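Here is the structure we will look at.
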Amino acid sequence: MEFLLYLLLGAAAGVLAGLFGVGGGMIIVPVLVFSFQAQGVAPEVLTHLAVGTSLATIAFTSINSVLAHHKRGAVQWPIFRSLTVGILAGSVLGGFTATLLQGPLLQKIIGVFALVMAAQMALDLKPKASHTVPGQATLGAAGGVIGWASAIIGIGGGSLTVPFLTWRSVPMQQAVATSAACGLPIAVTSALSFMWLGRDASALPEWSVGFVYLPALLGIAATSMIFARFGAQLAHKLSARLLKRLFALLLLGVGLNFLL
């Protein structure tokens, strides 16, 4: 029954990753927290386990999403390379930061972020394109911040990368595609950090590698890789306004649950 939940969760996360350029982490993390609570996972490790597992699954989600966007010529690879320089360092630092936080505090941080994301999506708030694409140093610094924050929250960084790139005058479809590409180094580096940093943690459930739970990783990855391609195709065909507002309601519920 739990594995079926992971398969369904992967399908939903994959569509979101491809459609909005935001990794499915904002869905994966809370569902995994509730699932691990039901399984009786120790409170002191369950939030870190959910975040680390989410990041590991996003590595798989990103692959098909990036391929689909690349075929349409939408990924800005020079921007990706500059961002990735900072992302690699920021992701490692973010993983370390997350392990220093207590589980309840980490949940509250995720809850606040979910509420901010809900407001942004419900109101369709977008920064105006008021600046040109920055140089390599600025992109590297931005990548560091994005990687650090993404590793703490357990996301692929799209909710941060897309607004930043559109603010710097990158067209929306290219911003979404480039953001999807950036999700891969964020997820891989962060997940490896969580595996390493959690290697000696006590009270982890069986089949865990550090703060990554393998059954959830396999189930979510199996369907997310398929549905990410579907989501990327929809992003080029449909208006996502209604879907964004529905997603905002879901994020509102997630945020309030974690905070209250």
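Just so you know, we're using my numbering here: the sequence shown kicks off at 37 and counts up by one. Ideal placement from N, C-alpha and C gives every residue a C-beta, glycine not left out. Just so you know, these numbers come straight off a predicted model, no measurement behind them.
Assign residue i to buried or exposed, taking buried as 16 or more other Cβ atoms, counted over all protein chains shown, within 10 Å of its Cβ.
i      : result
Ala74  : exposed
Phe116 : buried
Gly179 : buried
Gly109 : exposed
Trp184 : buried
Pro66  : buried
Leu287 : buried
In whole angstroms, give me the CA-to-CA distance for residue i and residue j.
i      : j      : result
Asp236 : Ala173 : 36 Å
Ala155 : Leu201 : 19 Å
Ala257 : Ala48  : 11 Å
Phe132 : Phe39  : 29 Å
Gly289 : Gly139 : 19 Å
Leu292 : Met62  : 13 Å
Met208 : Ala239 : 44 Å
Thr93  : His105 : 19 Å
Phe283 : Ile191 : 15 Å
Trp113 : Gly76  : 44 Å
Ala95  : Ile182 : 16 Å
Could you check whether residue j and residue i sit closer than 7 Å to each other, using their CB atoms as the reference points?
i      : j      : result
Thr225 : Ser101 : no
Thr259 : Leu43  : yes
Val51  : Gly267 : yes
Pro199 : Pro163 : yes
Ile188 : Gly147 : no
Leu295 : Lys144 : yes
Lys231 : Val245 : Checking the sequence shown, residue 231 turns out to be Met, not Lys. Contact flag set, yes.
Any heavy atom of the ligand NAP closer than 6 Å to the CB of residue i?
i      : result
Arg265 : Here there are no bound small molecules, and the ligand NAP is not part of this structure.
I'd like to know if the region 143-151 and the region 213-233 are in contact, where contact means that at least 3 CB-CB pairs between them fall below 8 Å. Verdict: no, contact absent.
Please determine if the region 120-127 and the region 217-226 are in contact, where contact requires at least 3 C-beta pairs separated by less than 8 Å. In short, these stretches touch, since the Cβ pair count reaches three.
Length-filtered (4 minimum) alpha helix (DSSP H) runs lying within the region 131-171: Runs found: 139-158.
Touching by the beta-carbon criterion (3+ pairs, under 8 Å), the region 68-85 and the region 169-184: These segments do not touch.
Under 8 Å, with one C-beta from each stretch per pair, do the region 242-250 and the region 85-105 reach the 3-pair mark? Contact holds: three or more Cβ-Cβ distances are below 8 Å.
Runs of alpha helix (DSSP H) wholly within the region 235-286 (minimum 4 residues, chain order): For the alpha helix (DSSP H) assignment, the uninterrupted runs of no fewer than 4 residues enclosed by the region 235-286 are, from N- to C-terminal side, 250-271.
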